[in-house]
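There are 2 protein chains.
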Amino acid sequence: MITPDYSTEAAPQTRERLIQTMIHLLQTRGLHGAGLSELLALAQAPKGVLYHHFPGGKTALAVAAVEATTAWSCNKLDEYLGGGADVGQALGRWIERAQRGLHGSGFERGCPLAAVALESTAADTELRAALAAAFQAIRARLAQALRRNGHDEAAAQGLAALIVATYEGGLLQARVANDTAPMAQATAALLALLKEKEQK
Amino acid sequence: MITPDYSTEAAPQTRERLIQTMIHLLQTRGLHGAGLSELLALAQAPKGVLYHHFPGGKTALAVAAVEATTAWSCNKLDEYLGGGADVGQALGRWIERAQRGLHGSGFERGCPLAAVALESTAADTELRAALAAAFQAIRARLAQALRRNGHDEAAAQGLAALIVATYEGGLLQARVANDTAPMAQATAALLALLKEKEQK
DNA sequence: TGACCTCTGGACCGACTGGTCTATAGAATT
DNA sequence: AATTCTATAGACCAGTCGGTCCAGAGGTCA
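The listed protein sequences derive, respectively, from chains A and B.
Position 134 of the first sequence, counted from 1, bears residue number 133 in numbering that gives the first Met the number 0, the numbering being contiguous throughout.
Position 179 of the second sequence, counted from 1, bears residue number 178 in numbering that gives the first Met the number 0, the numbering being contiguous throughout.
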């Protein structure tokens, strides 16, 4: 007889706490900037717990964090883009949310994917695979919505990549500037260009 | 009588080699991912040399690397934008160069500024100041050229931020995708939008 | 009740980190 | 020739890194 695999209460909480803490550290310090001792202190967990839930250690936890971020982002995108909503509008809401997060954290919390993306090397195969899948999934969702909005396949893919780039690049500039302005300006410029194209 | 301050031959070579090596490591692994031992081995320099030229240690060298990158980028931009050339064309050349660099390094070499930007915290004041100045300078140069091309002040600033964001975000996506496509697509989409606006 | 299992807790470890310090080579100055 | 200054060289250090290992806590089975 197969044991029902609903786990105990405590276990998923701890595991989830580790992932959330890792996401937070990736946003603020990046992968190598985040030490295990700091992570465990923030998550209020001893070392053994980490290696129990993630035998692969720090890297495995980072992969889990990347995957959790991917899932979360896709859900949020689906929510914003749901019902064939206008991509420009959805993008506006998305960026607004990011700006609030950045500003609210004193310009410390950026994108958890971006930092890892720039620190990882080709040797970090699992991490890279997770990151590649993440951006791929996000672009695919955007492209799908753009196609629904009347763009052809090539244009949809191009605009999807441009939107993601604007988001990541805008966040990066805003972070070092200690000011949301660069991100807001970049986004506004992109939205204006998109609107003009529509009206053409 | 003032001593002519052309320095000895050896000194600036070593110092420069340290900076160039740091830039390379920032591009491939980021600030925290790059160890001093690796840096010194690549630069073929003993430890004492580093702390002789950069009493501030690793961070001071990173600041110097950021500043050198800024100067280099501004020079290149001036070259591309010189004589009131079209911004779209200049941007195309700029991005093409970055793509060749990325592809030629097996998708390892990205932007030395971006990685540091995401790893640094508000506590790293010098590093942050250097980075803020870097992006500020680059945006200013782009905005100036855009104004020459007939955009008003606000539009020029917005587009400048958008261009930088596209560059950084495109590079990031291409890096993890192991494929220049996302960057090429994002850039092409942006250039297409700019061209449409011109013709409007 | 005893065996088992998942999960927690933390002592412990070797490797490596960034950084300091002293010795010295060699050119420039006196 | 003696001195001074810049630059090179690397031994050395304390602290921290990620990771291993084992002891128990507490639940769920037979």
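Here a beta-carbon is modelled for each residue, glycine too, at the ideal position from N, C-alpha and C.
Fair warning: this is a prediction, and the values are worked out from it, not measured in the lab.
Is residue j closer than 8 Å to residue i when the C-beta atoms are compared?
i: B/F106; j: B/R174; result: yes
i: B/R92; j: B/Y79; result: yes
i: B/A67; j: B/I137; result: no
i: B/I18; j: B/L60; result: yes
i: A/A139; j: B/Q172; result: no
i: B/T200; j: A/T165; result: Chain B is shown only over 0 to 199; residue 200 of chain B falls outside these bounds and no answer can be derived.
i: B/G103; j: B/L190; result: no
i: A/A64; j: A/L25; result: yes
i: B/G83; j: B/R146; result: no
i: B/A32; j: A/E118; result: Per the sequence shown, residue 32 of chain B should be read as Gly rather than Ala. For B/G32 and A/E118, yes; Cβs fall inside 8 Å.
i: A/V115; j: A/L101; result: no
i: B/L170; j: B/M182; result: yes
i: B/A188; j: A/G157; result: yes
i: A/H52; j: A/R14; result: yes
i: A/L38; j: A/P45; result: no
Taking all protein chains shown into account, decide if residue i is buried (16 or more other Cβ within 10 angstroms of its Cβ) or exposed.
i: A/Y50; result: exposed
i: B/P111; result: buried
i: A/T124; result: exposed
i: A/G55; result: exposed
i: B/L35; result: exposed
i: A/E195; result: exposed
i: A/A185; result: buried
i: B/Q43; result: exposed
i: A/A122; result: exposed
i: A/A153; result: exposed
i: B/A144; result: buried
i: A/A128; result: exposed
i: A/Q198; result: exposed
i: B/M0; result: Reliability fails at B/M0, whose pLDDT of 24 lies under 50, so the model's placement of it is uncertain and no value is given.
i: A/Q12; result: exposed
i: A/A9; result: Bear in mind that a pLDDT of 44 at A/A9, under 50, signals an unreliable position, so the model cannot answer this.
By alpha-carbon positions, which one of the options ends up nearest to residue i?
i: B/L30; options: B/T69, B/G169, B/L126 and B/L190; result: B/L126
i: A/C73; options: A/L170, A/A153, A/L141 and A/A185; result: A/L141
i: B/A132; options: A/G169, A/E37 and A/A176; result: A/A176
i: A/A97; options: A/E197, A/G168 and A/A154; result: A/G168
i: A/L41; options: A/T20, A/G47 and A/R14; result: A/T20
i: A/F134; options: A/A89, A/P45 and A/V163; result: A/V163
i: A/T120; options: A/A89, A/E95, A/G47 and A/T58; result: A/T58
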